[in-house]
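Engineer:
2 protein chains.
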Amino acid sequence: MTRLLTATDVARIVAAKGLRATFDELAAVIEADLRRWPQFEKTARLASHSSVGVIELMPVADASRYGFKYVNGHPGNPALGLPTVMAFGALADVATGLPLLVADLTLATALRTAATSALAARVLARPDARSMALVGNGAQSEFQALAFHLLLGIDEVRLYDPDALATARLRRHLDAVAPALRHLRCASAQEALAGADIVTTLTADKHRATIVAPSMLEPGMHFNAVGGDCPGKTEFDPAVLRTARVFVEYEAQTRIEGESQQMPSGYPVTELWQVLTHTTCGRQHRDEITLFDSVGFALEDFSALAWLAWAAADAGVGHELDLIPTLDDPKNLFGLLEAAGAAAGPLLPRHQERK
Amino acid sequence: MTRLLTATDVARIVAAKGLRATFDELAAVIEADLRRWPQFEKTARLASHSSVGVIELMPVADASRYGFKYVNGHPGNPALGLPTVMAFGALADVATGLPLLVADLTLATALRTAATSALAARVLARPDARSMALVGNGAQSEFQALAFHLLLGIDEVRLYDPDALATARLRRHLDAVAPALRHLRCASAQEALAGADIVTTLTADKHRATIVAPSMLEPGMHFNAVGGDCPGKTEFDPAVLRTARVFVEYEAQTRIEGESQQMPSGYPVTELWQVLTHTTCGRQHRDEITLFDSVGFALEDFSALAWLAWAAADAGVGHELDLIPTLDDPKNLFGLLEAAGAAAGPLLPRHQERK
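Taken in order, these protein sequences are the chains called A and B. Under the working numbering, think of the first position of the first sequence as 1, with each following residue one higher. Under the working numbering, think of the first position of the second sequence as 1001, with each following residue one higher.
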């Protein structure tokens, strides 16, 4: 039997735990998996592009578990009443191929992205960072603000989105769940960045934009570049990348999809797992400008699936179902039809048979 | 909402229709999709190999639908009480990325493989073919025997499997559902092949085997080579391939996975869709030896998913569920947590908050 978690199930698991425990646990699982990076079989995701969006499959495996995520990106979806990003995935047993869990990953994608951003900022931002600019106040913005508040101690977020309603919704949510987190609405990205220690960019347009220009840089800033995650979709002036030390999840994928797609192939980038394992250093001095060119890697979803499997079993949430057949005799697949046919009538009525 | 079909649901759909209607409809959908081959975005499947098996993702898309299958191949599974091959997949809307259907594809994989085999034999085997050898009597053997009986008029199957119990199970099933189909058990593959018009090989061992040697060839035979579908897993002596005209589903994939992996890259193969669209000819004369080097291509699963979506809606079978979130405001993903949190307690209890 395979456990199925709907979006409602996942929301129940997270709500029952609370956001602090959720982010703490999820960040711990992601960090532990990133630290054993060489144990994973990795591949850049497989994308199918259309004129209005992209659909991707993101598989990854270690010696015992195989995970994959299905995820789309359709910036025009909200106008149709659908989320821009929707995702689900599965975790399977490498030894048998049995799918153990199928789960909504829409909420988990927002949670794991924010947890990974905060993990990276822990080793890349100045330790005394307290103020964060958040440019792009869409569906993932609450998760970023709260992950940085809870995991890093950010106590002020400087918000900008051309859609004032989006910013208003974000502020209402922050008031409701995190009254100690100050927030203010800025009139432009530039105003949001002024004085911020950390800058998170989280815009959804599928084209080359310049949210961050060199004139906005301040010494010691850490950039958490989340929105640029597709070929042709970027948020930074390439001059910013030349000024910053650039960190990525998985170089082979980020060079295609991230801000780094704007840079020549020899441009140096450092994979985050190397910093987490102390193979290389993170921030080197107070004034260094660091940039986490985050595109979202399959391993983060693998961690989220493993965490969901554990949390769902622990909380007794979800539905056990025969997504694949349960057979008394594993070589007797046809028996499934016999059993169903006994109720429905003969599988091959006499008049249907060949003479 | 996404429709979910469990293995039991799929079996109910097939049993209610009966096998003739199932094979007729499925073959028609697969043929129609193969005939519009250039409309699909195709890619070789993405495989993850371990020492005991393989797990694969198989995506394909046209301008309106995106489909993928998850499938494993673990020859040691039956000893653990699990099927060798298990599969599930999803069909999504290209315009929005919304997953419309998630379904067991274990049964559908057996059905679509058999339907595709029969489709190929219609244009490649001699029109008066009546006898088929079936070497390998495992989980998929009933489906192959019945598809050839129902779609092609095969009235005799010559069976061989080193596991006599597997052959006995197959014969029992054929007696139960297709009494007009004669069957006999042979003592070897060679005996099964003797006098057969069509030869279907369907063995599961993950290594290079020689089920079919040049000495067994007879003029005009059609080979339906189904078992060799992985790098390192073949069933034919390469000399047989040199003697036969070889047809494949998708050349880029078959050259890696099929019997054709044994041949040099320039060795000529013809894609089946070209025969179905009359771009090239199938069988050229009575004595020609033809070989369908079938490995299973994503498009066949796409067709099966489309057929299942239609058949499930038609029969009112399946479960509508929120595999991805249903949001009043598509930009308000956090609202899911608020709604769940209202029941579970505050998302961020006061004592958890940062000061």
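Positions of the beta carbon are idealized from the N, C-alpha and C atoms, including for glycine.
Does the CB of residue 1058 of chain B have a neighbour CB from chain A at under 7 Å?
Structural biologist: no
Engineer: Taking contact to mean at least 3 C-beta pairs separated by less than 8 Å, is the segment 264–280 of chain A in contact with the segment 39–47 of chain A?
Structural biologist: Verdict: no, contact absent.
Engineer: What three-state label does DSSP hand residue 1002 of chain B in the structure shown?
Structural biologist: Under the three-state reduction of DSSP output, residue 1002 of chain B falls in the strand class.
Engineer: Evaluate contact between the segment 1289–1300 of chain B and the segment 1222–1231 of chain B, counting only Cβ atoms and requiring at least three cross-stretch pairs below 8 Å.
Structural biologist: yes
Engineer: Taking the CB atoms as reference points, tell me whether residue 94 of chain A and residue 66 of chain A lie closer together than 7 Å.
Structural biologist: yes
Engineer: In the DSSP assignment, what residue or residues form a beta bridge with residue 73 of chain A?
Structural biologist: Beta-bridge pairing links residue 73 of chain A to A/54.
Engineer: Tell me where the beta strand (DSSP E) around residue 1248 of chain B begins and ends.
Structural biologist: 1245–1248
Engineer: Suppose the cutoff is 8 Å on Cβ atoms and the five residues either side in sequence are ignored; what does the same chain contact list for residue 12 of chain A look like?
Structural biologist: Non-local beta-carbon contacts of residue 12 of chain A in its own chain, meaning distances under 8 Å to residues more than five positions away in sequence, involve 315, 317 in chain order.
Engineer: Among the residues of its own chain, which have a CB less than 7 Å from the CB of residue 217 of chain A, if the five just before and after it don't count?
Structural biologist: 240, 243, 289
Engineer: So, for residue 1214 of chain B: in the same chain, excluding its five sequence neighbours on each side, which residues have a beta-carbon less than 8 Å away from its beta-carbon?
Structural biologist: 1237, 1239, 1240, 1243
Engineer: Any idea what DSSP makes of residue 1132 of chain B, helix, strand or coil?
Structural biologist: strand
Engineer: Which residues does DSSP pair with residue 23 of chain A in a beta bridge?
Structural biologist: Per DSSP, none; premise fails for residue 23 of chain A.
Engineer: How is the beta strand (DSSP E) around residue 157 of chain A delimited, first residue to last?
Structural biologist: 156–160
Engineer: How big is the Cα-Cα spacing for residue 1306 of chain B and residue 191 of chain A?
Structural biologist: 51 Å
Engineer: Quick one, which residues of the segment 274–296 of chain A are near chain B if we go by CB-CB under 9 Å, in chain order?
Structural biologist: none
Engineer: Please confirm whether residue 1142 of chain B has its beta-carbon closer than 7 Å to some beta-carbon of chain A.
Structural biologist: yes
Engineer: Looking only at its own chain, which residues have a Cβ that is under 8 Å from the Cβ of residue 1155 of chain B, when we skip the five neighbours before and after it?
Structural biologist: 1130, 1131, 1149, 1180, 1181, 1182
Engineer: Let's see if you can read the secondary structure: which residues bound the beta strand (DSSP E) around residue 311 of chain A?
Structural biologist: Careful: residue 311 of chain A lies outside any beta strand (DSSP E), inside the alpha helix (DSSP H) at 298–315.
Engineer: For the segment 1111–1138 of chain B, which residues have a beta carbon sitting closer than 7 Å to at least one beta carbon of chain A?
Structural biologist: 1138
Engineer: Under 7 Å, Cβ to Cβ, is there at least one residue of chain A near residue 1215 of chain B?
Structural biologist: Contacts with chain A at 7 Å (Cβ-Cβ) do not include residue 1215 of chain B.
Engineer: So which residues of chain A does residue 1043 of chain B contact, with C-beta pairs closer than 8 Å?
Structural biologist: 46
Engineer: Should residue 51 of chain A go down as buried or exposed, given a rule of 16 or more other Cβ atoms within 10 Å for buried?
Structural biologist: So residue 51 of chain A counts as exposed.
Engineer: At least one CB of chain A closer than 7 Å to the CB of residue 1195 of chain B: is that the case?
Structural biologist: Chain A, which has no Cβ nearer than 7 Å to the Cβ of residue 1195 of chain B, makes this no.
Engineer: So, for residue 280 of chain A: in the same chain, excluding its five sequence neighbours on each side, which residues have a beta-carbon less than 7 Å away from its beta-carbon?
Structural biologist: 270, 274
Engineer: Please tell me whether residue 1067 of chain B has its Cβ less than 7 Å away from any Cβ of chain A.
Structural biologist: no
Engineer: Near residue 1147 of chain B, which residues of its chain fall below 7 Å by C-beta distance, leaving aside the five closest residues on each side in sequence?
Structural biologist: 1023, 1114, 1115, 1117, 1118
Engineer: Compare the C-alpha of residue 29 of chain A against each of A/235, A/299, A/341 and name the closest.
Structural biologist: A/299
Engineer: In angstroms with no decimal places, state the Cα-to-Cα distance between residue 1170 of chain B and residue 1087 of chain B.
Structural biologist: Between residue 1170 of chain B and residue 1087 of chain B, the C-alpha separation is close to 22 Å.
Engineer: Can you give me the Cβ contacts of residue 1262 of chain B inside the same chain, cut-off strictly under 7 Å, excluding the 5 residues immediately before and after it?
Structural biologist: 1234, 1238, 1241
Engineer: Can you pull the chain B residues whose beta carbon is under 7 Å from the beta carbon of residue 157 of chain A, in chain order?
Structural biologist: Ordered by position in chain B, no residue passes the 7 Å Cβ test against residue 157 of chain A, which lies about 13 Å from the chain.
Engineer: Quick one: what does DSSP say residue 1013 of chain B is sitting in, helix, strand or coil?
Structural biologist: helix
Engineer: Any beta carbon from chain A within less than 7 Å of residue 1055 of chain B's own beta carbon?
Structural biologist: yes
Engineer: If we ignore side chains and look at the alpha-carbon of each, how far apart do residue 259 of chain A and residue 1060 of chain B end up?
Structural biologist: 28 Å
Engineer: Using a Cβ-Cβ distance cut-off of 7 Å, determine whether residue 1203 of chain B contacts chain A.
Structural biologist: no
Engineer: Apart from the five residues just before and just after residue 1014 of chain B, which ones in its own chain have a Cβ nearer than 8 Å to its Cβ?
Structural biologist: Hits under 8 Å: 1022, 1107, 1111.
Engineer: For residue 1266 of chain B, which residues of its own chain have a beta-carbon under 7 Å away from its beta-carbon, when the five flanking residues on both sides are left out?
Structural biologist: none
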